[in-house]
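Okay, structure first, notes after.
The structure is reproduced here in structure tokens:
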């Protein structure tokens with residue numbers, strides 16, 4: 286009974302708020318919760334006091350490290366002290382280059398209110414991005430409102446974004462238009478059976494479908510149509 | 080002298096009058112110093128970067144070099160299917176060996192901060208004269224221990240660590256308690272109003288785990304001068320596990336060793352403090368018996384099995 290109750294309660298308690306971001310190198314989802322000793326050594330070694338240790342009703346399960354990008358984002362230290370401090374391997378020691386971290390991914394979630402979508406040159410998220418022009422690029426579009434200007438659309442390249450949250454912290458709006466979300470939430474997954482024709486073609490050096498059959502033209506002998 | 084005892088109604092008053100205040104409180108004071116200074120060192124590391132002891136009781140480093148990890152949390156980690164990194168395993172082994180030597184449940188009374196909460200509840204209970212108590216089986220903690228290690232295997236999730244009040248409090252006192260005080264208040268009220276020593280001596284699976292670790296530990300409390308006992312009952316009142324006292328105090332006739340071999344004993348040594356007759360002392364399990372030369376202490380190790388009803 287106690288066990289059942291605990292299990293039921295735990296399955297709700299283990300869920301984090303999507304805005305509670307894990308430190309770099311954190312194992313995915315439940316694997317992290319099962320590996321974390323809740324010792325706070327990563328929190329202690331975080332030089333920017335980005336990481337916090339969750340208490341009972343915090344957005345992350347109690348005792349686990351998390352941060353709020355809008356308040357204090359990850360500064361992406363090159364020596365990754367939080368990973369070095371982790372005794373249990375919950376923060377994967379295989380992570381050697383901070384640019385490979387995937388704490389989540391930024392998503393420009395509100396295009397209506399983003400200033401760049403209005404044709405203004407705010408560009409703040411783009412400018413503060415530690416991987417400028419890699420993780421956030423500015424894509425040009427026609428400004429149909431004025432008819433003669435361009436829109437510079439901040440575009441997150443989710444394959445390069447580390448989820449550090451510098452963009453979310455810097456967004457000039459009262460409520461940020463760009464947010465870091467966990468990968469599970471922010472990214473789609475292509476169906477297993479699905480193949481992109483041009484990729485398959487490149488991999489095989491040619492089309493997988495044989496060349497179209499050239500059929501002999503057969504027409505009545507006395508026909509003069511051609 | 081029953082009348083005098085009633086006049087000084089609080090436990091240990093007689094020992095204090097006879098042997099002095101310090102003598103009647105020394106282990107209590109030493110334990111509080113031990114518990115609080117460990118927490119203070121952790122907090123100093125978190126707040127001021129003084130890295131003598133860094134992390135918390137779940138896992139830590141001493142002087143940034145020697146790792147220490149809680150074997151109970153590690154056991155849960157392994158049960159959930161995660162094989163911890165070497166640092167944690169080494170730290171776990173060090174802690175395990177330490178408590179196998181000094182007594183597993185020494186963790187409870189010399190380190191764990193929840194002990195301060197439940198000791199306070201027990202003290203207030205005595206002061207307010209609350210004698211009503213709901214009986215909880217002493218062995219329930221072993222079932223909870225089994226559950227806390229079984230549920231991660233079944234559900235693949237560290238369920239106990241989501242709620243463990245021991246982890247919660249010690250972590251909270253170092254990194255900030257947040258709303259965690261609710262759980263601690265619940266334990267205090269449970270111990271105070273509903274059932275005597277409910278948490279530490281009946282429910283806590285962590286205490287059960289450390290008890291099992293310390294089954295064969297060396298440091299033991301010893302009722303060496305039990306013939307002096309005048310049945311004042313003071314030790315029974317302060318002992319968090321009073322069921323372990325009767326066999327050693329009254330077992331002389333049955334050839335039971337005066338050494339407390341029960342793994343439930345937390346080595347808190349409060350019995351030594353409050354005893355006006357100096358019945359108890361703390362030394363090793365190998366102490367030679369002066370009073371009873373014909374004893375066989377090794378044979379009595381498992382006498383007080385946690386789930387056996389003989390002395391509970």
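Protein chains in written order, with my numbering: chain A, 286 to 511; chain B, 80 to 391.
Glycine is no exception: its CB is placed at the ideal position from the N, C-alpha and C atoms.
Being a predicted model, the structure only gives us computed values, none of them experimental.
Can you tell me whether residue 415(A) is helix, strand or coil according to DSSP?
As a working mapping, residue 415(A) is identified with position 130 in the first chain. Residue 415(A) falls in the coil class under three-state DSSP.
For residue 287(B), return the contacting residues in chain A, with the cut-off set at a CB-CB distance below 7 Å.
Position 208 of the second chain, counting from 1, holds the residue named residue 287(B). Simply none; closest approach about 14 Å.
Rounded to whole angstroms, how far is the Cβ of residue 153(B) from the Cβ of residue 146(B), which I believe are closer than 8 Å?
For the purposes of this step, residue 153(B) is taken as the residue at position 74 of the second chain. For the purposes of this step, residue 146(B) is taken as the residue at position 67 of the second chain. Not a contact, Cβ separation roughly 11 Å.
Three-state secondary structure (DSSP) of residue 425(A)
Along the first chain, one-based indexing puts residue 425(A) at 140. Three-state DSSP puts residue 425(A) in a strand.
What does residue 274(B) reach in chain A if we use C-beta pairs closer than 8 Å?
Here residue 274(B) refers to the residue found at position 195 when the second chain is read from its first residue. None at all; the shortest Cβ gap to chain A is about 16 Å.
Kindly give me the distance between the Cβ atoms of residue 134(B) and residue 329(A), rounded to whole angstroms, as I take these residues to be in contact under 8 Å.
Within the second chain, numbered from 1, the residue matching residue 134(B) stands at position 55. Within the first chain, numbered from 1, the residue matching residue 329(A) stands at position 44. Right, the Cβ-Cβ distance comes to about 7 Å (below 8 Å), so this counts as a contact.
Same chain, Cβ closer than 8 Å to residue 81(B), neighbours up to 5 away in sequence not counted
Residue mapping note: residue 81(B) aligns to position 2 of the second chain, counting from 1. Confidence at residue 81(B) is low in this model, with a pLDDT of 43, below 50, so its placement is unreliable and no value can be given for it.
Using the Cα positions of residue 371(A) and residue 321(A), report the straight-line distance between them to the nearest angstrom.
Residue 371(A) sits at position 86 when you count from the first residue of the first chain. Residue 321(A) sits at position 36 when you count from the first residue of the first chain. If I take the Cα positions, the gap works out to 9 Å.
Per DSSP, which residues does residue 337(A) bridge with? Please list them.
Stepping through the first chain from its first residue, residue 337(A) is reached at position 52. Paired residue(s): 351(A).
Taking residue 342(A) as the query, report the chain B residues whose CB atoms sit under 9 Å from its CB, ordered along the chain.
In the first chain, counting from the first residue as 1, residue 342(A) sits at position 57. Per Cβ cutoff of 9 Å: 257, 258, 259 and 261.
Validate contact between the segment 296-307 of chain B and the segment 270-283 of chain B using beta carbons, cut 8 Å, 3 pairs:
no
In terms of residue numbering, what span does the alpha helix (DSSP H) encompassing residue 216(B) cover?
The count along the second chain starts at 1 and reaches residue 216(B) at position 137. Element bounds for residue 216(B): n/a, residue is neither H nor E.
Stretch pair the segment 397-407 of chain A + the segment 338-350 of chain A: three plus CB contacts closer than 8 Å:
no
Straight-line gap, residue 286(B) to residue 414(A) (C-alpha atoms, nearest Å)
Reading the second chain from its first residue, position 207 is the one you call residue 286(B). Reading the first chain from its first residue, position 129 is the one you call residue 414(A). Their backbone Cα atoms lie some 49 Å apart in a straight line.
Are the CB atoms of residue 387(A) and residue 448(A) within a distance shorter than 8 Å?
In the first chain, residue 448(A) corresponds to position 163, counting from 1. In the first chain, residue 387(A) corresponds to position 102, counting from 1. Yes, they are a contact pair.
Taking beta-carbon pairs under 7 Å, can you tell me which members of the segment 107-136 of chain B lie near chain A?
124, 125, 133, 134 and 135
Could you give the residue range of the alpha helix (DSSP H) that holds residue 455(A)?
The count along the first chain starts at 1 and reaches residue 455(A) at position 170. From DSSP, the alpha helix (DSSP H) with residue 455(A) extends over 451-455.
Residue 481(A) and residue 390(A) look like a contact to me (Cβ under 8 Å); what is the Cβ gap, rounded to whole Å?
In the first chain, counting from the first residue as 1, residue 481(A) sits at position 196. In the first chain, counting from the first residue as 1, residue 390(A) sits at position 105. The pair is not a contact, with the Cβ atoms about 21 Å apart (cut-off 8 Å).
Between the Cα of residue 362(B) and the Cα atoms of 203(B), 301(B), 318(B) and 329(B), which residue gives the shortest distance?
Reading the second chain from its first residue, position 283 is the one you call residue 362(B). Of 203(B), 301(B), 318(B) and 329(B), the residue nearest in Cα terms is 301(B).
Taking C-beta to C-beta, are residue 365(A) and residue 303(A) nearer than 8 Å?
As a working mapping, residue 365(A) is identified with position 80 in the first chain. As a working mapping, residue 303(A) is identified with position 18 in the first chain. No.
State buried or exposed for residue 100(B), treating a residue as buried only when at least 16 other CB atoms are found within 10 Å of its CB.
For the purposes of this step, residue 100(B) is taken as residue 21 along the second chain, with counting starting at 1. Exposed: under 16 other Cβ atoms inside 10 Å.
Within 10 angstroms of its Cβ, does residue 361(A) collect 16 or more other Cβ (buried), or is it exposed?
The residue given as residue 361(A) occupies position 76 in the first chain. Buried, since its Cβ has 16 or more Cβ neighbours within 10 Å.
So the candidates are 345(A), 468(A) and 326(A); which of them puts its Cα closest to the Cα of residue 442(A)?
Counting from one through the first chain, the residue named residue 442(A) turns up at place 157. Looking at the Cα atoms, 468(A) is the closest of the given residues.
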